[in-house]
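K.L.:
Once you've had a glance at the structure underneath, I'll fire off some questions.
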Amino acid sequence: MSFVDTRLKIRQWLKKYRRIIIITLIALAIVYVVNYILKNLPEEEIPKTTYTPNISVMAEDEVPEKWHETIESTIDTFVQRCNNKEYEAAYNMISDDCKEAVYPTLSSFQKFVDAKFKTKRSYSIQNFSNVGKQYIYDVNLMEDLMATGLTGKELYTDEEKFVFTEYDESLKLAISGFVRKNDLNIFAEDENLKVNIDCKYVFYDYELYKVTITNKTEHSIVIADGTTNDEVVLNTGADIRGEKYVKSYGIVLEPGESKNYTFEFTKYCDDGSAPTYIMFNNIRVLQSYSGDSSTMQAELDNAIRIYSLRINFPTAE
171 MSFVDTRLKI RQWLKKYRRI IIITLIALAI VYVVNYILKN LPEEEIPKTT YTPNISVMAE
231 DEVPEKWHET IESTIDTFVQ RCNNKEYEAA YNMISDDCKE AVYPTLSSFQ KFVDAKFKTK
291 RSYSIQNFSN VGKQYIYDVN LMEDLMATGL TGKELYTDEE KFVFTEYDES LKLAISGFVR
351 KNDLNIFAED ENLKVNIDCK YVFYDYELYK VTITNKTEHS IVIADGTTND EVVLNTGADI
411 RGEKYVKSYG IVLEPGESKN YTFEFTKYCD DGSAPTYIMF NNIRVLQSYS GDSSTMQAEL
471 DNAIRIYSLR INFPTAE
């Protein structure tokens, strides 16, 4: 075949497939342009935050192997008893400390079951964290399709934290994120106040402190009334956290009066830090106290004393 014949055949082939070739070239050009644009797009800036969410830190092998089967069977038994409304049998599975802190009566536990198990639930479990010999599990409660059927509606799911505490070669179960009770019996006293921190209840993401405060004077004492920030704070060992609800109820003591309070502070039990003190930042010993905002400044101007009080914790709780 001569050179001329070859050129003619190439020309005929190009003419025959010209449309296909053009479409292919256009498609390749579009792909190239799109890739170029995507490659040169500015990266989306991730908002900066000082909050670090808690992430699962426990691998399954951190729970002693001897407890794996016991934990799984305990969760299964508890869920099935709740599904079947066997209130007392399920209630008897949880620890005494959990009952004291969260469900002090069978009727209070029954309300929990009726709210969480309106219909039968299936579940999935995942090891989440551990603190010493306490093993924290995520238990995801889901609608049981075998019981309810496919309805086309979005499936209900609810996450619960179950905590297993190793004690005397057995495990104690706690629910609703309750981890443990710590008896503290911490006392602090000055010429005006006597403070007793009896105990604290540790939950996965917060702590409750049971506190009794006594006014030793013949004057009204205001510890918190919502007029300033951070009237009651906890040093978590890592930062300072304000009491969550004190602004809504206030702490005002009449002469000789004692009152019991429950302070709540946000704190993760597995964050590696230990609380060091509670501080009352704005104690006001007043000649008189009306609770009226119109006379507040005059009462402060005549205050006998305005000061702060720090209640230190032992180094090891």
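In this text, residue positions in the sequence shown follow my numbering: the first is 171, and each later residue adds one. C-beta atoms are modelled at their ideal positions from N, C-alpha and C, and glycine is treated no differently. Note that the structure is a prediction, hence the values are computed from the model and not measured.
Starting from the Cα of T436, find the closest Cα among Y374, I393, V422, I476 and give me that residue.
P.N.:
Sequence index remark: in the sequence shown, residue 436 carries index 266 (1-based). With distances taken between Cα atoms, T436 lies closest to Y374.
K.L.:
Provide the residue span of the beta strand (DSSP E) that contains K386, from first to last.
P.N.:
In the sequence shown, the residue the question calls residue 386 occupies position 216. Counting along the chain, K386 falls outside any beta strand (DSSP E), and DSSP gives it neither H nor E.
K.L.:
From the DSSP output, read off the bridge partner residues of L343.
P.N.:
Locating residue 343 in the sequence shown gives position 173, where the first residue counts as 1. Bridge partners of L343: I264, F334.
K.L.:
What whole-angstrom Cβ distance do M312 and T289 have, given they're in contact under 8 Å?
P.N.:
Indexing the sequence shown from 1 puts residue 312 at position 142. Indexing the sequence shown from 1 puts residue 289 at position 119. Contact doesn't hold; Cβ gap of about 11 Å is too wide.
K.L.:
Give me the residue from I295, S265, F279 with the minimum Cα distance to S243.
P.N.:
On the sequence shown, residue 243 is found 73 positions in, with the first residue counted as 1. The shortest C-alpha separation from S243 is found at I295.
K.L.:
According to DSSP, which residues form a beta bridge with M312?
P.N.:
In the sequence shown, residue 312 corresponds to position 142, counting from 1. Its beta-bridge partners are S292, T327.
K.L.:
For the beta strand (DSSP E) that contains C369, what are its first and last residues?
P.N.:
As a first step, residue 369 is located in the sequence shown; it is residue number 199 there, counting from the start. Looking at the DSSP string, the run of the beta strand (DSSP E) that includes C369 is 363-373.
K.L.:
Where does Y438 land, buried or exposed, given buried means 16+ other C-beta within 10 angstroms?
P.N.:
In the sequence shown, counting from the first residue as 1, residue 438 sits at position 268. Classification of Y438: buried, given that the 10 Å Cβ count is 16 or more.
K.L.:
Where does S265 land, buried or exposed, given buried means 16+ other C-beta within 10 angstroms?
P.N.:
On the sequence shown, residue 265 is found 95 positions in, with the first residue counted as 1. By the 10 Å Cβ count, S265 comes out buried.
K.L.:
Which first and last residues belong to the beta strand (DSSP E) in which A358 is found?
P.N.:
The count along the sequence shown starts at 1 and reaches residue 358 at position 188. 348-359 is the span of the beta strand (DSSP E), which, as asked, contains A358.
K.L.:
Tell me the rounded alpha-carbon separation between Q467 and Q457.
P.N.:
Taking the first residue of the sequence shown as position 1, residue 467 is located at position 297. Taking the first residue of the sequence shown as position 1, residue 457 is located at position 287. Distance between the alpha carbons of Q467 and Q457: 12 Å.
K.L.:
Near N451, which residues of its chain fall below 8 Å by C-beta distance, leaving aside the five closest residues on each side in sequence?
P.N.:
Your numbering for residue 451 matches position 281 in the sequence shown. Excluding residues within five positions, the ones whose Cβ falls inside 8 Å are T398, D400, E401, V402, V403, S478.
K.L.:
Give the secondary structure of V233 by DSSP, where H, G and I count as helix, E and B as strand, and everything else as coil.
P.N.:
In the sequence shown, the residue the question calls residue 233 occupies position 63. V233: coil per DSSP, three-state reduction.
K.L.:
Measure the alpha-carbon distance for K386 versus N254 and round it to whole angstroms.
P.N.:
What you label residue 386 is simply residue 216 of the sequence shown in a count that begins at 1. What you label residue 254 is simply residue 84 of the sequence shown in a count that begins at 1. Answer to the nearest angstrom: the Cα atoms are 53 Å apart.
K.L.:
Give me, in chain order, the residues of the same chain whose beta-carbon lies closer than 6 Å to that of T384; leave out the 5 immediate sequence neighbours on both sides.
P.N.:
In the sequence shown, counting from the first residue as 1, residue 384 sits at position 214. The answer, listed in chain order, is K364, S428.
K.L.:
Would you mind listing the beta strand (DSSP E) stretches within the segment 423-462 that are 3+ residues and don't spill past its ends, in chain order?
P.N.:
You should have 428-436, 447-456.
K.L.:
Using the C-alpha atoms, what's the distance from F483 back to A344?
P.N.:
The residue labelled residue 344 in the question sits at position 174 within the sequence shown. The residue labelled residue 483 in the question sits at position 313 within the sequence shown. Taking the straight line from one Cα to the other gives about 26 Å.
K.L.:
Assign S418 to buried or exposed, taking buried as 16 or more other Cβ atoms, counted over all protein chains shown, within 10 Å of its Cβ.
P.N.:
Numbered from its first residue, the sequence shown carries residue 418 at position 248. With fewer than 16 other Cβ atoms within 10 Å, it is exposed.
K.L.:
For R291, would you say it is in contact with chain C, using Cβ-to-Cβ distances shorter than 8 Å as the test?
P.N.:
Within the model displayed, chain C is absent; a lone protein chain is all it includes.
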